[in-house]
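In UniProt numbering, the protein residues as written are 1 to 50. Ideal Cβ placement from N, Cα and C applies to all residues, glycine included.
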């Protein structure tokens, strides 16, 4: 979706396509960062494996 919205923006200059691209980019960056909740689930995973 991110690549599609960038392609539309470069072809048309549509501001909404750029805003969608930027929003998708920010969401993908947030998903890459570990959160305390995701780290807690990793701790629980180790307990379940034992």
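Coil, strand or helix - residue i by DSSP
i          : result
residue 14 : coil
residue 32 : helix
residue 1  : coil
residue 50 : Note that residue 50 scores a pLDDT of 48, beneath 50, so its modelled location is shaky; the value from the coordinates is reported in the next line. Residue state, collapsed to three classes: coil.
Residues near residue i by beta carbon distance below 7 Å, same chain, minus five either side
i          : result
residue 8  : 14 and 17
residue 50 : Any reading at residue 50 must be qualified, since the residue scores a pLDDT of 48, below 50, and its modelled position is unreliable; the value itself is stated next. Once the five neighbours on either side are set aside, residue 50 has no close Cβ partner at all.
Residues of its chain near residue i, where Cβ-Cβ distance is below 8 Å and the 5 sequence neighbours each way are ignored
i         : result
residue 2 : 21, 24, 25 and 28
Neighbourhood of residue i by C-beta distance below 6 Å, restricted to the same chain and skipping five residues each side
i         : result
residue 6 : 21
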